[in-house]
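The block underneath contains the structure these notes are about, expressed in structure tokens.
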Amino acid sequence: MDSPGGVTDKKRISSERRKEKSRDAARCRRSKESEVFYELAHELPLPHTVSAHLDKASIMRLTISYLRMRKLLDAGELETEAKMEKELNCFYLKALDGFVMVLSEDGDMIYMSENVNKCMGLTQFDLTGHSVFDFTHPCDHEELREMLTHRNGPVKKGKEQNTERSFFLRMKCTLTSRGRTVNIKSATWKVLHCTGHIRVYDTCNNQTHCGYKKPPMTCLVLICEPIPHPSNIEVPLDSKTFLSRHSLDMKFSYCDERITELMGYEPEELLGRSIYEYYHALDSDHLTKTHHDMFTKGQVTTGQYRMLAKQGGYVWVETQATVIYNTKNSQPQCIVCVNYVLSGIVQKDLIFSLGQTECMLKPVESPEMKMTKIFSKDDLDDTNSLFEKLKQEPDALTVLAPAAGDTIISLDFSSNESDEQQCDEVPLYNDVMLPSSSEKLQNINMAMSPLPASETTKPLRSNADPALNREVVSKLEPNTETLELSFTMPQVQEQPTSPSDASTSQSSPEPSSPNDYCFDVDNDMANEFKLELVEKLFAIDTEAKNPFSTQETDEVNSEPAHHSVHQPVCKCGDLDVIFSYKASSQKLVVTVLEARDIPDKDRSGVNTWQVHTVLMPSKKQRGKTSVQRGPIPMFKDNITFSKLEPHELRGHAVRFRLYAVHKVIGEKMMGEQFFYLSNINQEGEVKVTLVLEPRSNLTSADSQLSLSAISHSDSASSTQSLSHGGVPELLVGLLYNATTGRLSVEMIKGSHFRNLAINRPPDTYGKLCLLNSVGQEMSRCKTSIRRGQPNPVYKETFIFQVALFQLSDVTLMISIYNKRSMKRKEMIGWISMGQNSSGEEEQSHWQEMKESKGLQVCRWHTLLES
Numbered sequence: 001m002d003s004p005g006g007v008t009d010k011k012r013i014s015s016e017r018r019k020e021k022s023r024d025a026a027r028c029r030r031s032k033e034s035e036v037f038y039e040l041a042h043e044l045p046l047p048h049t050v051s052a053h054l055d056k057a058s059i060m061r062l063t064i065s066y067l068r069m070r071k072l073l074d075a076g077e078l079e080t081e082a083k084m085e086k087e088l089n090c091f092y093l094k095a096l097d098g099f100v101m102v103l104s105e106d107g108d109m110i111y112m113s114e115n116v117n118k119c120m121g122l123t124q125f126d127l128t129g130h131s132v133f134d135f136t137h138p139c140d141h142e143e144l145r146e147m148l149t150h151r152n153g154p155v156k157k158g159k160e161q162n163t164e165r166s167f168f169l170r171m172k173c174t175l176t177s178r179g180r181t182v183n184i185k186s187a188t189w190k191v192l193h194c195t196g197h198i199r200v201y202d203t204c205n206n207q208t209h210c211g212y213k214k215p216p217m218t219c220l221v222l223i224c225e226p227i228p229h230p231s232n233i234e235v236p237l238d239s240k241t242f243l244s245r246h247s248l249d250m251k252f253s254y255c256d257e258r259i260t261e262l263m264g265y266e267p268e269e270l271l272g273r274s275i276y277e278y279y280h281a282l283d284s285d286h287l288t289k290t291h292h293d294m295f296t297k298g299q300v301t302t303g304q305y306r307m308l309a310k311q312g313g314y315v316w317v318e319t320q321a322t323v324i325y326n327t328k329n330s331q332p333q334c335i336v337c338v339n340y341v342l343s344g345i346v347q348k349d350l351i352f353s354l355g356q357t358e359c360m361l362k363p364v365e366s367p368e369m370k371m372t373k374i375f376s377k378d379d380l381d382d383t384n385s386l387f388e389k390l391k392q393e394p395d396a397l398t399v400l401a402p403a404a405g406d407t408i409i410s411l412d413f414s415s416n417e418s419d420e421q422q423c424d425e426v427p428l429y430n431d432v433m434l435p436s437s438s439e440k441l442q443n444i445n446m447a448m449s450p451l452p453a454s455e456t457t458k459p460l461r462s463n464a465d466p467a468l469n470r471e472v473v474s475k476l477e478p479n480t481e482t483l484e485l486s487f488t489m490p491q492v493q494e495q496p497t498s499p500s501d502a503s504t505s506q507s508s509p510e511p512s513s514p515n516d517y518c519f520d521v522d523n524d525m526a527n528e529f530k531l532e533l534v535e536k537l538f539a540i541d542t543e544a545k546n547p548f549s550t551q552e553t554d555e556v557n558s559e560p561a562h563h564s565v566h567q568p569v570c571k572c573g574d575l576d577v578i579f580s581y582k583a584s585s586q587k588l589v590v591t592v593l594e595a596r597d598i599p600d601k602d603r604s605g606v607n608t609w610q611v612h613t614v615l616m617p618s619k620k621q622r623g624k625t626s627v628q629r630g631p632i633p634m635f636k637d638n639i640t641f642s643k644l645e646p647h648e649l650r651g652h653a654v655r656f657r658l659y660a661v662h663k664v665i666g667e668k669m670m671g672e673q674f675f676y677l678s679n680i681n682q683e684g685e686v687k688v689t690l691v692l693e694p695r696s697n698l699t700s701a702d703s704q705l706s707l708s709a710i711s712h713s714d715s716a717s718s719t720q721s722l723s724h725g726g727v728p729e730l731l732v733g734l735l736y737n738a739t740t741g742r743l744s745v746e747m748i749k750g751s752h753f754r755n756l757a758i759n760r761p762p763d764t765y766g767k768l769c770l771l772n773s774v775g776q777e778m779s780r781c782k783t784s785i786r787r788g789q790p791n792p793v794y795k796e797t798f799i800f801q802v803a804l805f806q807l808s809d810v811t812l813m814i815s816i817y818n819k820r821s822m823k824r825k826e827m828i829g830w831i832s833m834g835q836n837s838s839g840e841e842e843q844s845h846w847q848e849m850k851e852s853k854g855l856q857v858c859r860w861h862t863l864l865e866s
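With full-length UniProt numbering, letter number 690 in the sequence shown gets 690, and the count goes up by one each step, no holes.
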């Protein structure tokens, strides 16, 4: 008989055996299940690298989607593809500015094209099989369900059922504006323009095993195109595209100048007017609905619509509109539109609005203008009808009527054919510039002589063009024999000349009267062409009302010959600058005050300005002012140049350049000027006005003086700038915004990068790393590769989030690498700035960045060897 203890042991052993068998059975079951899933994963049309890392839920999700897709494709008629079509299949997705999406009736994503990763950041396998409602904005779910619904109601006779779908959808996007991918939890909403059709497919086997008919399969096939933000447009805008900015009620607040060439409107006449005034009446309803979607979802694409031209007709336009939000309170601020003009002006002769009739109104002419037309050259061909024309213009006759006390001189309207032929043979520009000594032009040369002092002249003013309002005097002399053309100038009062004055006038090459600009063609042209006189004539300020006044003529006559210097063809404005040098701190503070008489908007294209400065000849210290607007931009920005000893000043100069800044096109240099530091006081302030000249006005002598003369000075800094020779250098720009805590580092360009292994230009890239006070890595990034460039231009900006109290405790390391094929990368050099700076130049650059208060500071740095 077994003891109670023995029975208990047997039960315990039996229980352990059952548990072991259960574990073995579960292990075997899981093993078989894994084998089934493994075989199922390898049956999917996926690469082995993808299918080997799928979990069981993903395998089931992709398998169900694949079966649905096979069922969908089997329902259609199969057509054999030609060889050319097979070759073109791989190019369809590349040409598409979006991706293809197929949705089931329930909203499941049956198929996603592989290029969805480039548009949204999410891969094809992460989205396929999931519900589209999990990745779209909740406020768009109701509209999306409406688009997925297929109504089978009766259709009117002669009309097909509308299956077309076009709507805007906000979907999760893990791509940042810089092209990086973030976690799905940090995804943002991107607006997609979805266009396509809803399709109904009947399967091949409509009967089930029970005899019931299977319902048809409904799916929505869409092409989804992301709408780019205006600040992230990668392709440059062509001549058929113009930008516009509108207020929230769709009134113009800015318009690009290109609209004048495309549609005829001037940007100024559009300001303050609603965009609806220029829409075609048949497109207003569609555009109104589009604008409602824009305010709801932030971005829209209008599709093709008609916009009225100024002088009649319309053009086809497509617009991408984006709502710009205020960064402080996230409220809508304005609307920026990128307008693509798709055609020329259609039906130019048709008028669609009252605004197009304004340019057709005939302007009212003054009696003076009518009189000028009567005396035009065309009317001189038939002088017999002149009296009849005067009788038809009574207003013009009132201008010719004599006043009380005037002397009445009879006019002979007869003409001489030989005189008319004589005037026709000689071009007008020859009369003014190159008068001949032939007998044909003796009368004209006599008419160009100054008038007697007793006679007065009356200025002829033009109401049509203000630029023509100059004192151009015409004199009509009674002569029954010849009809003379007179070109007279205001009288210069004669003064008695002394012998000294006579000698001065004889020795000076400067012209003393308008006739001095003219010379005899037959005599002087064969000997010497007076190029100086022609240049001086074109250099005269045409804006002055009296080009040859008494005061200016006296100054020209009294100017010595050795004061004649090179005059620019045109200047680009004046720049007021204050220089302040402190010998104790060896710092030069340059204060840029304002710019005056700068080019207008028609010449520069924009109305925003910025001044760039650089210390010559080393070019290691640079600076920029803030961007200012208006015809007289007020900068008032301080730019500091350090480490300038007093005896080195005469070997340096500061170059100023004025740039016209455009957000899309970029910067355009309008003028520049050099200022040599040998002209400033070593203690105190010096205010100067620099005349900005175009680069073409700097002659070879000026350019050599500004570069070679400074480079060969005896100063220590100049020899130091030339001593490094081929040492690799890097131009870096730093900017810190204390309000937002953003540190912007711009990799601008490099110099003298060498490939140490082989004798060919290197393939380089930059790597940036931000370290905290204990050396731990806070953030890192790198530039794109510049291939085969010893002096690469990067111009890439990287943003680091650094609080103000951390700014003195972080270290920024910048390394330049040479990427080699089949070998490890090779470091060309490195620098560090911040807490652990690699040198005095880097420490000074970091300190100036902190003191610049929101202005970018650019400096050249010599790279250290690895």
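For each residue, glycine too, the CB sits at the ideal point set by N, CA and C.
{"Query": "Run of the alpha helix (DSSP H) containing residue 805, from where it starts to where it stops", "Result": "Where residue 805 is concerned, there is no enclosing alpha helix (DSSP H), given that its DSSP letter is neither H nor E."}
{"Query": "Close beta carbons around residue 676, own chain, < 6 Å, minus the five adjacent residues each side", "Result": "653"}
{"Query": "Bridge partners - residue 103, DSSP secondary structure assignment", "Result": "109, 220"}
{"Query": "Cβ-Cβ separation, residue 616 to residue 655 (assumed contact under 8 Å), whole Å", "Result": "6 Å"}
{"Query": "Residue burial classification, residue 794 (beta-carbon count within 10 angstroms, cutoff 16)", "Result": "buried"}
{"Query": "Residue 55 classed as buried or exposed, judged by whether at least 16 other C-beta atoms fall within 10 angstroms", "Result": "exposed"}
{"Query": "The stretch 250 to 257 in contact with the stretch 176 to 186 per 3-pair CB rule at 8 Å", "Result": "no"}
{"Query": "Opening and closing residue of the alpha helix (DSSP H) in which residue 583 lies", "Result": "No alpha helix (DSSP H) holds residue 583; DSSP gives it neither H nor E."}
{"Query": "Continuous beta strand (DSSP E) stretch holding residue 688: start and end", "Result": "683 to 691"}
{"Query": "Closest Cα partner of residue 41 within the set 52, 278, 32", "Result": "52"}
{"Query": "Reference residue 314, options 67, 743, 348, 860, closest by Cα", "Result": "348"}
{"Query": "Residues near residue 195 in its chain [Cβ-Cβ closer than 6 Å; skip 5 each side]", "Result": "166, 223"}
{"Query": "Own chain partners of residue 660 with C-beta closer than 6 Å, once the 5 adjacent residues on each side are dropped", "Result": "604, 606, 668, 670"}
{"Query": "Nearest neighbour of residue 687, chosen from 584, 325, 576, 594 [CA to CA]", "Result": "576"}
{"Query": "Heavy atom of the ligand COA within 7 Å of residue 772 beta-carbon", "Result": "In the structure on display, the ligand COA does not appear, and there are no ligands present to speak of."}
{"Query": "Supposed close pair residue 323, residue 341 - CB separation, criterion 8 Å", "Result": "In fact, because the Cβ distance is near 23 Å, the residues do not count as touching under 8 Å."}
{"Query": "Inter-residue CB distance, residue 613 and residue 623 (contact presumed, cutoff 8 Å)", "Result": "5 Å"}
{"Query": "Residue 8, DSSP secondary structure in three states", "Result": "helix"}
{"Query": "First through last residue of the beta strand (DSSP E) which encompasses residue 92", "Result": "Segment 83 to 95 is the alpha helix (DSSP H) holding residue 92; no beta strand (DSSP E) there."}
{"Query": "Proximal residues to residue 798 (C-beta, below 7 Å), its chain only, five neighbours per side dropped", "Result": "745, 768, 781"}
{"Query": "Cα-Cα separation between residue 864 and residue 831, rounded to whole angstroms", "Result": "6 Å"}
{"Query": "Pairwise C-alpha distance: residue 335 and residue 325", "Result": "9 Å"}
{"Query": "Cβ separation of residue 874 and residue 163, assumed to be a contact under 8 Å, to the nearest whole Å", "Result": "There is simply no residue 874 to check, as the chain begins at 1 and stops at 866 in what is shown."}
{"Query": "Sub-8 Å separation of residue 244 and residue 337 beta-carbons", "Result": "yes"}
{"Query": "Host alpha helix (DSSP H) of residue 289 (start-end)", "Result": "284 to 297"}
{"Query": "8 Å contact criterion, which residue 299 and residue 227 should meet: CB distance rounded", "Result": "4 Å"}
{"Query": "Inter-residue Cα distance where the pair is residue 776 and residue 811", "Result": "10 Å"}
{"Query": "Within 8 Å, strictly: CB atoms of residue 632 and residue 595", "Result": "yes"}
{"Query": "Extent of the continuous beta strand (DSSP E) run through residue 638", "Result": "634 to 641"}
{"Query": "Coil, strand or helix - residue 238 by DSSP", "Result": "coil"}
{"Query": "Close Cβ partners of residue 260 (< 8 Å) along its chain, the five nearest in sequence each way excluded", "Result": "266, 267"}
{"Query": "Beta-carbon proximity of residue 730 to residue 598, cut-off 8 Å", "Result": "no"}
{"Query": "Pair within 8 Å by beta-carbon distance, residue 753 and residue 792", "Result": "yes"}
{"Query": "Run of the alpha helix (DSSP H) containing residue 760, from where it starts to where it stops", "Result": "Counting along the chain, residue 760 falls outside any alpha helix (DSSP H), and DSSP gives it neither H nor E."}
{"Query": "The stretch 95 to 103 touching the stretch 111 to 130, judged by at least three CB pairs closer than 8 Å", "Result": "yes"}
{"Query": "Of the listed residues 663, 217, 824, nearest to residue 106 (C-alpha basis)", "Result": "217"}
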